[in-house]
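Just so you know, we're using the numbering used here here: the sequence shown kicks off at 65 and counts up by one.
In what follows, a structure is listed as structure tokens, so that the remarks can point back to it.
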Amino acid sequence: MAEVITMPRLSDTMTEGKVAKWHKKVGDKVKEGDILAEIETDKAVQDFESEMEGTLLYIGVEEGAAAAVDSVLAIIGNEGEDISGLTGGAAAPAAGGSEEKKSEEESKTENNATSVEQTTAEVPAGVEIITMPRLSDTMTEGKVAKWHKNVGDTVKEGDLLAEIETDKAVQDFESEFNGVLLKQGVEEGGAAPVDSVLAIIGPEGTDVSAVGAPKAVAPASEKPAEQKTEAKAEEKAAPASNASSSDRVAISPLAKKMAQDKGVDINSIHGSGENGRIVKKDIENYQPSQAQAAQPAASAPAAAQVALSFVQGEDTETPNSQVRNIIAKRLSESKFSAPHYYLMVEINMDKAIEARKEINSLPDTKISFNDMIIKATAIALRKHPQVNSSWAGDKIIHRGNINIGVAVAIPDGLVVPVLKNTDQMNYTQISAAVKDMASRAKSKGLKANEMEGSTFSISNLGMFGIETFTSIINQPNSAILSVGAIIEKPIVKDGQIVVGNIMKLSLACDHRVVDGATGAQFLQTLKTYLESPLTLLL
């Protein structure tokens with residue numbers, strides 16, 4: 065019996081979806097897990113996999129068109145089955161007909177309309193226009209950090225086409241098509257809005273001079289010809305500079321989102337899809353026992369803002385990076401929209417110092433005070449779920465997972481990689497994860513999904529000798545913990561003045577979600593855990 069497939073709701077804010085591409089045509093056989101179509105939501109383009117088997121009998125939304133959530137997307141059933149009752153008598157679109165080809169070409173032209181001027185030339189046969197992808201939910205434009213293919217190069221599906229700098233990180237962008245790179249719509253170092261023309265791929269020798277938008281202007285300080293020569297020289301001289309590209313995991317966007325929501329390490333999963341690709345059912349069948357602790361990675365010292373050379377009497381300028389622009393925007397929104405207040409407490413770290421020495425005396429074990437603070441914070445959040453909540457206008461969302469974001473300084477500003485399900489991690493796992501993410505953050509190797517989904521944040525400036533400071537809340541979190549240095553100072557203990565190791569913590573809270581008493585009780589619990597580390601084992 066035929067089944068109606070409706071437009072799925074792929075994000076909590078999605079009201080309609082756009083079919084970016086159909087992977088099946090009317091009359092094609094469909095198996096469970098097959099990619100049916102690519103659907104563009106308000107946040108990203110995601111693969112949509114079939115949950116049933118049969119023949120694709122009807123396509124309710126043409127490629128390039130949009131439809132409301134829960135409207136008819138497709139119908140799957142037995143070959144030759146009568147579905148007129150489900151479609152209101154509408155005939156299934158004929159596969160390969162001239163009218164469909166014309167419609168597809170028109171929809172492609174509409175789909176690739178951009179905010180910059182564009183010609184109305186017809187797209188030649190076999191040519192694919194690749195637009196600037198939306199690689200994060202806050203991304204409005206992308207910058208081409210590096211091209212890995214030049215005009216005239218042969219491109220295969222899965223080849224690394226370019227490195228794109230978003231508002232959060234630099235990400236590898238792979239080709240989904242086979243052909244020859246006919247045009248680069250954005251020069252290396254230049255930026256362009258999301259959905260503008262990034263590249264054109266097609267048969268060798270095809271004239272695409274009249275297709276697409278004009279090239280974005282590269283920074284004035286760079287000469288394109290010289291820049292391309294230098295880029296080629298760098299690729300030949302240092303082919304290992306993009307080491308992170310070898311770590312890419314073949315996974316469908318839907319499976320990736322499911323893994324992110326469940327806190328599953330995709331590197332520990334063997335995909336059952338084509339060429340080992342991880343698909344939806346692999347995530348659904350994943351067993352936690354398969355997880356392996358992340359291996360420690362070398363961690364570079366905490367980075368500060370890019371050092372500038374001072375020249376007497378000469379003003380200089382530094383163009384803002386995408387990361388710097390989004391930091392300015394997000395922190396301004398947070399500071400001016402959320403009513404911040406601050407609570408401060410002193411922690412006696414004597415017992416924590418002793419506990420760390422004992423732990424680090426174990427073979428192949430080395431943890432930092434920051435790791436201990438992260439663990440204690442995660443356990444404290446279990447007892448005070450209100451602090452692990454978010455403001456959502458007419459309601460407060462109490463998060464079901466404890467995902468702690470750890471602020472890391474990079475030359476461009478600040479990023480916050482996220483430890484998913486931190487309360488379920490041990491010291492060794494936390495230490496390995498923090499070192500790995502901090503190292504990759506400094507080399508811009510973090511993925512976008514590794515910086516999303518935090519429910520609480522921690523910022524530590526103790527390594528710089530800062531005793532106390534306050535931070536701006538990382539929205540949509542409702543609190544952020546600022547950690548100062550451990551300082552030896554006189555304290556009163558059992559009526560005697562002795563030397564103690566004191567650390568100051570400052571908790572910034574959003575008063576719309578966390579009341580003063582709630583924040584104070586959370587800090588009390590955290591203080592107990594840090595001053596008596598054995599209580600973390602209870």
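Quick reminder that beta carbons are idealized off the backbone N, C-alpha and C, glycines included.
Burial state of residue i (16 or more Cβ within 10 Å)
i, result
"K207", "buried"
"P597", "buried"
"K499", "buried"
"M617", "Residue 617 lies beyond the stretch modelled for the chain, which goes from 65 to 602, so this question has no answer here."
"G477", "buried"
"S162", "Below a pLDDT of 50, predicted positions are generally treated as unreliable, and S162, at 40, falls in that range; the measurement from the model is reported next regardless. Exposed, because fewer than 16 other Cβ atoms sit within 10 Å of the Cβ of S162."
"Y350", "buried"
"G335", "buried"
"M71", "buried"
"G81", "buried"
"G93", "Just to set this straight, residue 93 is Lys in the shown sequence, not Gly. K93 is exposed by the Cβ-count criterion."
"L590", "buried"
"A581", "exposed"
"S179", "Because S179 sits at a pLDDT of 39, beneath the cut-off of 50, its placement in the model cannot be relied upon, and the point is left open."
"F520", "buried"
"S396", "exposed"
"M671", "With the chain represented from 65 up to 602, any question about residue 671 goes unanswered, as that position is not in the structure."
"F586", "buried"
"S690", "Shown here, the chain extends from 65 to 602; a query on residue 690 therefore has no answer."
"T105", "buried"
"F237", "buried"
"G190", "exposed"
"T441", "buried"
"T599", "exposed"
"G149", "exposed"
Reference residue i; option with closest CA among the options
i, options, result
"I391", "I468, S425, G464 and T230", "T230"
"R504", "D574, V482 and I417", "V482"
"I437", "N485, I466 and N524", "N524"
"H462", "V578, D414 and K213", "V578"
"V451", "I264, D574, K393 and L600", "D574"
"P257", "Q235, M203, P475 and Q248", "M203"
"D662", "A496, D414, L246 and A456", "Residue coverage of the chain in this structure runs from 65 to 602, which leaves residue 662 outside it and unanswerable."
"Y593", "L445, I536, I474 and T151", "L445"
"G469", "M78, I522 and M322", "I522"
"D271", "L318, A255 and E192", "E192"
"E268", "K399, V275 and N242", "N242"
"L601", "M489, D558 and M501", "M489"
"M527", "S432, A101, S148 and E115", "S432"
"V68", "T151, A416 and G337", "T151"
"L224", "V234, K213 and A233", "K213"
"A274", "I265, V313, G91 and E186", "E186"
"T534", "D379, Y405 and G377", "Y405"
"K393", "I536, I103 and K459", "I536"
"P540", "P383, G457 and G509", "G457"
"H87", "Q110, K439 and Q588", "Q110"
Residue j beta carbon less than 8 Å from that of residue i
i, j, result
"I99", "S316", "yes"
"G216", "V244", "yes"
"S570", "S546", "yes"
"K484", "N465", "yes"
"N538", "V479", "no"
"A512", "I544", "no"
"I555", "D487", "no"
"K95", "E117", "yes"
"A263", "G253", "no"
"K210", "E410", "no"
"A584", "L407", "yes"
"A402", "R576", "yes"
"S542", "S398", "no"
"G97", "K344", "yes"
"T79", "A131", "no"
"K553", "I566", "yes"
"L30", "F112", "Residue 30 lies beyond the stretch modelled for the chain, which goes from 65 to 602, so this question has no answer here."
"V234", "E240", "no"
Cβ-heavy atom distance, residue i to the ligand FMN, below 7 Å
i, result
"Q539", "Annotation note on the ligand FMN: not contained in the displayed structure, which lists no ligands."
Run through the stretch 396-440 for me and flag every whole beta strand (DSSP E) of 3 or more residues, listed as ranges in chain order.
-> 404-412
Return the chain-ordered ranges of every beta strand (DSSP E) run that is complete within the stretch 494-561 and spans a minimum of 3 residues.
-> 520-524 and 543-557
Is the stretch 407-424 touching the stretch 503-518, taking contact as three or more C-beta pairs under 8 Å?
-> no
Beta strand (DSSP E) runs wholly inside the stretch 189-274, at least 3 long, in chain order = 192-195, 205-211, 224-229, 234-238, 243-248, 255-257 and 261-266
Okay, do the stretch 133-140 and the stretch 115-123 touch, 3+ Cβ pairs below 8 Å being the bar?
-> yes
Which residue spans inside the stretch 88-128 form an unbroken beta strand (DSSP E) run of at least 3?
-> 99-104, 109-113 and 118-123
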